[in-house]
Amino acid sequence: MKEKLPKIQLPRENNLAIYTPRIILQRNRQAIVEGCERILIYDENMIRLQAKKQEICFYGSGLSLQSFQAKSMIIAGTIDKIEYFG
Amino acid sequence: MYLSLIRRLKGFVDFQMSGTGIEETLNQTVSQGFKIWRLIPKGNVFCGCISSGEYRGFAGIARKNGTKVRVVKKYGAPFYWVRLKRRKGILVGAGLCCFLLLLSQNFLWSIEIHDYGEKDRAFLTEVMEDYGIHVGAYLPGLDCRLLQQQILMEIEDISWMALNRKGTVLEVEVSEKVIPPEIKESSPCNIIAKRDGQVVHIEVYGGKGMVEEKEAVSKGDLLVSGITENDVGIVRQIHADAKVMAQTHRKHTITFDLHQEEKIFLDQGDTRYAIEILGVTIPLYVDFSLPFPSQVKTEETPVSVLGNTYPVSLVKEQHQFYQTKQIEYTKAEGEALIQKAFQVYEQEQMKEIAILSFEEKISEKDGKLSITREYLCEEDIAAKMQLSINETPKN
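Protein sequence lines, in the order shown, are assigned to chains A and B. Numbering (UniProt numbering) for the first sequence: 1 to 86. Numbering (UniProt numbering) for the second sequence: 1 to 395.
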């Protein structure tokens with residue numbers, strides 16, 4: 001009879017990324033943001049995002065969303081400052 | 001780049017949104033699994049892009065949140081398709097183009113002949129045409145194996161040939177017949193008669209004479225044998241050599257039409273162009289009539305792009321106009337002309353033959369004058385024929 005092998009629990013890195021916001025910056029021109037749930041405020045000088053436990057705010061000029069999908073977005077423009085709240 | 005291509009294939013719209021609850025609309029849209037890209041705020045207005053299939057859902061969400069949304073521009077294949085649907089000519093043209101392209105695969109586009117002389121190539125092309133192999137021929141109807149055998153039998157200069165189909169191109173591989181080298185002075189051979197005749201004089205330089213003077217011989221008869229036997233009975237094969245002079249009979253007829261039509265070429269001419277597609281000639285002129293009868297010289301330039309030959313060629317027809325003049329020759333004039341032709345024939349074809357006498361027969365039928373000369377000649381009828389040596393192993 002074949003023996004049933006024990007299940008191996010692999011670390012689910014992607015899920016981790018969803019619940020904890022991850023920001024990848026390319027100079028101050030582009031930011032890839034993962035793990036954010038909502039946009040709270042959006043204009044060309046400020047984008048405020050809601051993560052699971054925190055709020056993240058991008059300040060700058062000419063800000064725009066290059067791509068906006070569930071839990072992932074690309075912010076383009078000149079990013080001057082990133083602030084965390086909570 | 002691929003993403004852009006996929007978006008174009010699926011179709012997308014440029015939208016503009018304004019009013020209240022823009023952020024909420026965006027959040028709800030994305031939570032539905034829709035994707036928005038190139039979202040740029042311009043004052044109170046937001047411009048962005050969304051897939052054409054997702055736009056309806058997005059507009060519904062916007063309406064619920066009190067956001068005004070309008071489509072600015074539509075991009076991609078589905079919108080082109082809608083536009084194309086109205087323009088049936090383009091659709092029909094594209095369909096026809098595809099159909100013709102598929103259809104053209106059933107016809108021979110070009111023939112490539114490898115390793116064959118330019119002069120013989122024209123003859124080979126002519127023979128192939130007789131067997132139905134020409135540009136524009138229906139490919140499923142060509143049985144290459146059978147045709148190559150038939151052509152091989154037709155042309156004596158070819159020892160081997162292969163017809164290889166590569167798509168719509170027919171590659172013709174030819175191997176010319178190698179003419180056997182002349183018999184060496186040392187190799188054993190016999191002397192045979194190359195014509196019927198009566199031996200007048202025989203001079204044997206090597207071998208054993210098999211005929212005597214005044215003896216009648218037929219073509220192929222052995223005159224001098226290359227197999228000799230010495231006094232002690234040893235058989236040797238030697239190179240036979242001899243001069244065998246014989247009286248032979250030859251016959252030659254020259255016919256001349258007493259009603260001749262002479263062409264007088266004029267200084268006038270005309271050049272016309274045509275396009276040949278798959279063997280079908282499409283003239284590039286409207287007026288088909290010519291003021292005079294003409295002699296046509298045709299130049300064909302096949303269309304070749306990056307070394308590939310296509311079944312399209314530009315045909316240049318050069319017409320040289322002429323007028324015909326009827327000339328009636330008398331019998332005496334005809335005879336004189338035939339006599340001149342006989343002189344040329346004798347000088348060129350019978351220069352190594354001594355003409356002893358000849359008899360002439362003159363006949364006239366349907367306005368054609370014929371003179372037949374029966375010659376009594378004296379010539380060397382010796383022809384060397386190599387001996388095939390088959391050695392049997394000694395036990």
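C-beta atoms are modelled at their ideal positions from N, C-alpha and C, and glycine is treated no differently. Since this is a predicted model, take the numbers as computed values, not measurements.
With which residues is residue i paired in a DSSP beta bridge?
i      : result
B:L314 : B:I275 and B:T301
B:I103 : Position check: residue 103 of chain B holds Leu in this sequence, whereas Ile was assumed. For B:L103, which the question treats as bridged, DSSP gives no partner whatsoever.
B:L376 : B:H249 and B:S357
B:M385 : B:N190
B:R70  : B:Q16
B:D270 : B:H319
B:M161 : B:V174
B:K365 : B:K368
B:K243 : B:E203
B:K325 : B:E262
Pull up the distance between the alpha-carbon of residue i and that of residue j, whole angstroms please.
i      : j      : result
B:S357 : B:S225 : 32 angstroms
B:G93  : B:V312 : 20 angstroms
B:K361 : B:I371 : 6 angstroms
A:Q54  : B:T67  : 27 angstroms
A:I74  : B:L100 : 48 angstroms
B:R121 : B:R272 : 27 angstroms
B:F292 : B:G117 : 37 angstroms
B:N395 : B:I381 : Summary for B:N395: the model assigns pLDDT 45, below 50, so the residue's position carries little reliability; its value from the coordinates is reported in the next sentence. Answer to the nearest angstrom: the Cα atoms are 42 angstroms apart.
A:P11  : A:A31  : Because the pLDDT at A:P11 is just 49, under 50, the model does not fix this residue reliably, and the value given afterwards should be weighed accordingly. When rounded, the distance between both Cα atoms is 26 angstroms.
B:I254 : B:I353 : 19 angstroms
B:D143 : B:E129 : 14 angstroms
A:I18  : A:A70  : Note that A:I18 scores a pLDDT of 48, beneath 50, so its modelled location is shaky; the value from the coordinates is reported in the next line. Going by the C-alpha atoms only, they are around 10 angstroms apart.
B:Q150 : B:Q105 : 25 angstroms
B:P393 : B:K177 : Model confidence at B:P393 stands at a pLDDT of 49, short of 50, so the residue's coordinates are unreliable; what they give is reported in the following sentence. B:P393 and B:K177: Cα-Cα distance of roughly 32 angstroms.
A:D43  : B:I40  : 9 angstroms
B:W160 : B:L124 : 13 angstroms
B:F12  : B:S4   : 10 angstroms
B:K384 : B:K365 : 43 angstroms
B:N230 : B:K351 : 40 angstroms
B:F288 : B:Q349 : 46 angstroms
B:Y322 : B:G269 : 9 angstroms
Which one of the options has the shortest CA to CA distance from residue i?
i                      : options                           : result
B:P302                 : B:Y116, B:W109 and B:L337         : B:W109
B:V280                 : B:G136, B:A240 and B:F265         : B:G136
B:M153                 : B:Q343, B:V127, B:H134 and B:N164 : B:V127
B:Y329                 : B:Q323, B:E379, B:I338 and B:Y322 : B:I338
B:W81                  : B:L9, B:N27 and B:L96             : B:L9
A:E37                  : A:G77, A:A76, A:R48 and A:L25     : A:R48
B:A242                 : B:K316, B:N190 and B:I111         : B:N190
B:G33                  : B:G11, B:I6, B:P41 and B:I61      : B:I61
B:V315                 : B:I275, B:S294 and B:S289         : B:I275
B:Q260                 : B:W160, B:K368 and B:F79          : B:K368
B:F342                 : B:L103, B:H114 and B:Y375         : B:Y375
A:F85                  : A:I39, A:I23 and A:Q50            : A:Q50
B:G21                  : B:K194, B:K340 and B:N65          : B:N65
residue 474 of chain B : A:E83, A:R27 and A:A76            : Here chain B has residues from 1 to 395 only, and residue 474 of chain B is not among them.
B:L290                 : B:Q320, B:I277 and B:K263         : B:Q320
B:L387                 : B:Y205, B:K166 and B:L222         : B:L222
B:A336                 : B:T168, B:L258, B:C377 and B:Y310 : B:L258
Can you name the residues of chain B whose CB is closer than 8 angstroms to the CB of residue i?
i     : result
A:Y59 : The premise fails here: A:Y59 is roughly 14 angstroms from chain B at the closest Cβ pair, so nothing lies under 8 angstroms.
Can you pull the chain B neighbours of residue i, defined as C-beta to C-beta under 9 angstroms?
i     : result
A:E44 : I40, P41, K42 and G43
Residues of chain A with a CB under 7 angstroms from the CB of residue i: which are they?
i     : result
B:V30 : F68, Q69 and A70
B:N27 : R38 and I39
Go to residue i, then tell me how far its alpha helix (DSSP H) extends in each direction, as first and last residue.
i                      : result
B:M350                 : Run containing B:M350: none; DSSP gives neither H nor E here.
A:G62                  : Where A:G62 is concerned, there is no enclosing alpha helix (DSSP H), although the beta strand (DSSP E) it sits in stretches over E55 to Q69.
residue 419 of chain B : Shown here, chain B extends from 1 to 395; a query on residue 419 of chain B therefore has no answer.
B:W81                  : A77 to R86
B:S186                 : Segment: none, B:S186 is in no alpha helix (DSSP H) and carries neither H nor E.
B:M153                 : C144 to E154
B:N65                  : S52 to N65
B:Y285                 : Element bounds for B:Y285: n/a, residue is neither H nor E.
Does the distance between the C-beta of residue i and the nearest non-hydrogen atom of the ligand MN fall short of 7 angstroms?
i      : result
B:E374 : Inclusion of the ligand MN in the displayed structure is not the case, the ligand content being empty and no account of it being possible.
Using the beta-carbon of each residue, which ones in chain A are nearer than 8 angstroms to residue i?
i     : result
B:I22 : Y42
B:K35 : S67, F68 and Q69
Taking the beta strand (DSSP E) that residue i belongs to, which residues open and close that run?
i      : result
A:S72  : S72 to F85
A:L49  : M46 to A51
B:S110 : S110 to H114
B:K42  : I36 to K42
B:K219 : Run containing B:K219: none; DSSP gives neither H nor E here.
B:I6   : Segment Y2 to K10 is the alpha helix (DSSP H) holding B:I6; no beta strand (DSSP E) there.
B:V200 : G197 to G206
B:V232 : No beta strand (DSSP E) contains B:V232, which DSSP labels as neither H nor E.
A:V33  : Q30 to E34
A:I23  : R22 to Q26
Along chain A, which residues have their Cβ under 9 angstroms away from the Cβ of residue i?
i     : result
B:K10 : Going along chain A, no residue has its Cβ under 9 angstroms from B:K10, so there is no contact; the nearest lies around 15 angstroms.
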